[in-house]
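**Student:** Residue 192 in numbering that gives the first Met the number 0 sits at position 193 of the sequence shown, with consecutive numbering throughout.
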Amino acid sequence: MAIQVDATTTHPERKEIARYLLSRGQAALEAEREALTKPAAAADAAPETGALAHPRIKFDFPAGLAPVPHPIDPEPDAAAALPRADIVVITWTVDEATALAHVLTPGVSPARWHHYAHGYDSYKDKIRAHAPAAVSKRLGSYMPVTVGSRKVLCMKSELHLNQDGVKTGEGLATLPVKDFFKQIIAEVQPSHVFTIGTSGSVFEDFSLGDTVITRAAKFRLHNEFRNETWNGATYKSDWTIPTTHLDTATKLAASIEPNLAEPPFAPPTKRYPAGGPPVTPPPDVPTIRMEQDHRDMPEFHPILTTDYFEYGTTANRLDKEGAAVEMGDAALGLACSELQAPPRWAVIRNMSDPVINGDLPTKQYHLNEQTTWAVGYYTAYGMYTSMCGALATWGVIAGLA
């Protein structure tokens with residue numbers, strides 16, 4: 000049954016914030032791809048962007064389990080179907096794809112991933128104008144990888160629950176990303192599908208760089224999908240996630256820890272004295288958190304999927320409902336619920352912003368201070384926290400290899 004939500008709770012400004020964050024960096028990624036297609040001399044002179052511009056953090060993977068990318072040569076036509084693989088890993092933003100490439104396709108920037116537009120015409124009427132997929136005229140990009148004996152397909156989606164919807168009624172809209180999940184599964188025939196990327200923390204002790212792994216997802220929709228029948232629904236994938244290599248993934252993430260250091264905090268200008276020296280937060284040590292066997296939270300504690308930029312605060316207590324909050328993963332659960340023989344799936348989400356102080360003002364002097372902090376954390380730390388999530392994903396894959 001649909002959740003009835005008053006229109007005053009839809010946070011229209013946070014809808015646009017979500018669209019900005021999901022599109023952030025796309026132009027730079029396209030510029031990087033264009034530079035890579037130029038003659039060698041021109042490409043060498045082109046400014047580095049995206050993955051190429053970030054510090055190169057090397058990970059000492061166990062022997063035989065280091066990710067090995069396998070670019071397809073010659074370059075496949077974008078209209079071609081996806082290649083077969085055992086596992087599909089899907090992420091969403093440029094920061095997330097950059098981090099995923101750094102971990103699972105080392106040496107191959109997401110700008111070099113193969114474009115994918117198979118069947119794009121069947122999606123056109125379901126995608127709003129100016130959404131990323133409408134602008135790029137494609138559904139995503141991908142790169143084949145092996146981890147041990149497992150064939151893995153890393154993908155960046157151009158479709159997004161928050162971005163694409165075309166209104167079909169009051170609180171109703173198209174959801175092309177659900178069809179995209181089904182298409183990926185039909186073409187790749189994977190045994191496992193993982194959606195990964197950034198999220199807002201809902202547990203106060205889950206900090207920057209921590210990663211939650213859950214086999215459940217729940218729609219928590221207050222905007223264009225608020226009256227859909229599946230709003231409020233929770234989906235589960237009941238299988239045992241291997242934990243053999245998660246401790247190794249945690250150790251590998253230790254090299255990212257310096258990039259997660261938060262600066263000393265004080266009022267924004269000297270007009271407002273702090274009454275003492277700036278406070279330096281304690282270091283964030285990346286940790287993998289799981290709902291499996293009640294390891295860190297209740298079993299099948301779901302990821303929360305919203306249709307606008309939501310975040311956990313000390314006041315809204317989203318930890319009572321789910322493991323973290325993001326904008327898309329429950330669509331995979333919905334898609335799999337409509338398949339006769341769905342693959343096993345899981346959500347692997349890293350904390351890009353911590354639980355925000357719920358006492359901060361939200362409607363004072365045209366400023367939502369809580370949102371300001373949440374967005375600031377994401378833009379400053381999203382790429383580095385996503386490396387932690389990508390390493391956790393490697394840990395699960397390695398356990399299946």
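The beta carbon of each residue, even a glycine, is placed where N, CA and C say it ideally should be. The structure presented is a predicted model; accordingly, all values stated were derived computationally and were not measured.
Could you tell me how far apart the beta carbons of D85 and A132 are, in whole angstroms, since I believe they sit closer than 8 Å?
**Tutor:** 26 Å between Cβ atoms; not a contact.
**Student:** Enumerate in chain order the residues of its own chain whose CB-to-CB distance from V211 is below 6 Å, with the five nearest sequence positions on each side excluded.
**Tutor:** R288, A322, A323, R348
**Student:** How should N230 be labelled, buried or exposed, when 16 other C-beta atoms within 10 angstroms of its C-beta is the threshold for buried?
**Tutor:** buried
**Student:** Do T385 and E29 have their C-beta atoms within less than 9 Å of each other?
**Tutor:** Here residue 385 turns out to be Ser, not Thr, going by the sequence shown. For S385 and E29, no; Cβs fall outside 9 Å.
**Student:** Three-state secondary structure (DSSP) at I302?
**Tutor:** The answer is strand: DSSP assigns I302 an E or B state.
**Student:** Can you tell which of A78, P75, L399 has the C-alpha that lies nearest to the C-alpha of T242?
**Tutor:** With distances taken between Cα atoms, T242 lies closest to L399.
**Student:** For A97, which three-state DSSP category applies?
**Tutor:** The sequence given here places Thr at residue 97; Ala does not occur at that position. Helix.
**Student:** Cutting at 6 Å between CB atoms, please list the residues of its own chain near R23, excluding the five before and the five after it.
**Tutor:** none
**Student:** Alpha carbon to alpha carbon, what distance is there between A379 and I56?
**Tutor:** 17 Å
**Student:** Does the Cβ-Cβ distance between E223 and L171 come in under 9 Å?
**Tutor:** Going by C-beta atoms, E223 is nearer than 9 Å to L171.
**Student:** Could you check where the alpha helix (DSSP H) with A389 kicks off and where it finishes?
**Tutor:** Start and end: 368-399.
**Student:** What number of angstroms, rounded off, separates the C-alpha of F60 from the C-alpha of H69?
**Tutor:** Here the alpha carbon of F60 sits roughly 18 Å from the alpha carbon of H69.
**Student:** Looking at C-alpha atoms only, which residue of T173, A260, H191, D358 is the closest neighbour of A340?
**Tutor:** H191
**Student:** May I have the straight-line CA-CA distance separating L174 from K269, to the nearest angstrom?
**Tutor:** Note on geometry: alpha-carbon atoms of L174 and K269 lie some 48 Å from one another.
**Student:** Name the DSSP beta bridge partners of P143, please?
**Tutor:** Partner(s): L152.
**Student:** Cα-Cα, which of D178, V67, Y141 is closest to L338?
**Tutor:** Closest by C-alpha distance to L338, out of D178, V67, Y141, is D178.
**Student:** Flag this pair as yes or no: are the beta carbons of H113 and M142 separated by less than 9 Å?
**Tutor:** yes
**Student:** Starting from K235 and walking both ways along the beta strand (DSSP E), at which residues does that stretch end?
**Tutor:** Counted as a single uninterrupted DSSP element, the beta strand (DSSP E) harbouring K235 occupies residues 233-235.
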